[in-house]
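Numbering (the numbering used here), first residue to last: 22 to 191.
In what follows, a single structure is set out as structure tokens and then discussed.
Here it is in structure tokens:
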């Protein structure tokens, strides 16, 4: 008895599609784009003929900087090291205008990466949390300037991880 084996035909244009995808310019997106959710913003970029990458490679031609993008030090360093231009879209409407014009152009300066602690918060965000916590717990603080050490220390003590407390006691 003869066994016949069916072989699926490979699409003729498969190699062309892979070559085409590899030759597309790519962009990195750091942060949230005002007025767009994550997927909609990336789809808009793809519709303009770009791939969206998490890390820069030889095809990367632009960094799109959204809200909070300065916290992504890796993407900012990649862009700086490779000389990739930045398009700062933190101003509402800037990204939409570029999409409508069909052109993503980067000529904005790259910000310095925000200093973040282990929690992923920038110093400014952390200070806001400390101020809010301290006020909720009866501390009187100035709106600007240094946070008094007693308030900062009390915040640190109240938000210490249990495992840290055991290590400190040992």
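Even glycine gets a Cβ: it sits at the ideal position worked out from N, Cα and C.
Please read all numbers here as calculations on a predicted model, not as lab measurements.
Test item: CB-CB of residue i and residue j under 8 Å
i: residue 15; j: residue 97; result: Lying outside 22 to 191, the shown extent of the chain, residue 15 is not represented and no answer is given.
i: residue 150; j: residue 111; result: no
i: residue 192; j: residue 81; result: Because the chain is modelled from 22 through 191, residue 192 falls outside the range shown and cannot be assessed.
i: residue 168; j: residue 181; result: no
i: residue 127; j: residue 89; result: no
i: residue 113; j: residue 56; result: yes
Alpha-carbon spacing of residue i relative to residue j, whole angstroms
i: residue 92; j: residue 115; result: 20 Å
i: residue 179; j: residue 155; result: 11 Å
i: residue 125; j: residue 105; result: 13 Å
i: residue 66; j: residue 136; result: 28 Å
i: residue 123; j: residue 69; result: 6 Å
i: residue 134; j: residue 145; result: 13 Å
i: residue 109; j: residue 99; result: 16 Å
i: residue 59; j: residue 117; result: 14 Å
i: residue 120; j: residue 157; result: 44 Å
i: residue 143; j: residue 94; result: 11 Å
i: residue 147; j: residue 176; result: 11 Å
i: residue 35; j: residue 101; result: For residue 35, the predicted model reports a pLDDT of 48, less than 50, meaning its position is unreliable; a value from the coordinates is still stated below. The alpha-carbon atoms of residue 35 and residue 101 are separated by roughly 35 Å.
Whole-number beta carbon distance between residue j and residue i, since they are thought to touch under 8 Å
i: residue 129; j: residue 107; result: 5 Å
In DSSP terms, what residue i is bridged to
i: residue 257; result: The requested residue 257 does not occur in the structure, where the chain is confined to residues 22 to 191.
i: residue 85; result: 50, 108
i: residue 73; result: 48
i: residue 129; result: 107
is_contact[residue i, chain B] using C-beta, thresh 8 Å
i: residue 163; result: Here there is only one protein chain, and chain B is not present.
Is the stretch 72-80 touching the stretch 43-53 in the sense that three or more CB pairs, one from each, lie closer than 8 Å? yes
For the structure I just gave you, are there three or more beta carbon pairs, one from the stretch 169-182 and one from the stretch 152-161, closer than 8 Å? yes
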